[in-house]
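Heads up: take any position in the sequence shown, counting from 1, add 1, and you land on my numbering.
In this text, a Cβ means the ideal position worked out from N, Cα and C, and glycines have one as well.
Here is the structure we will look at.
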Amino acid sequence: MDAATYAMRQSEGYSEGDVRIIVLVAGLGTEITTDCQISVSGKRWMVGSAELDAASSHWVLRGRKA
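Right, dumping it as structure tokens:
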């Protein structure tokens with residue numbers, strides 16, 4: 002988990018407090034969409050955007066506290 006990127010902050014729907022979450026694809030077994038929620042360090046996040054990187058090794062998510 003990290004601060005939202007510049008591109009995330011400029012995108013429609015961005016809200017102060019949104020974060021960037023990186024999820025490795027290996028072993029995941031499913032696609033991540035904006036219908037998903039994710040738990041990180043005991044906190045629940047709604048997925049505001051989800052992009053698979055060019056090498057298909059990880060998802061880059063914009064998360065908002067659920």
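{"query": "Residue from S40, G43, S58 and V48 whose Cα sits closest to the Cα of A27", "result": "S58"}
{"query": "Sequence-distant residues of its chain with Cβ nearer than 6 Å to L62 (five each side left out)", "result": "I22, V48 and A51"}
{"query": "Whole-angstrom C-beta distance between G64 and W46, which should lie under 8 Å", "result": "4 Å"}
{"query": "Counted within 10 angstroms of its Cβ, other Cβ atoms place A67 as buried (16 or more) or exposed", "result": "exposed"}
{"query": "Candidates E13, I39 and Q11, of which the one nearest V24 by Cα", "result": "I39"}
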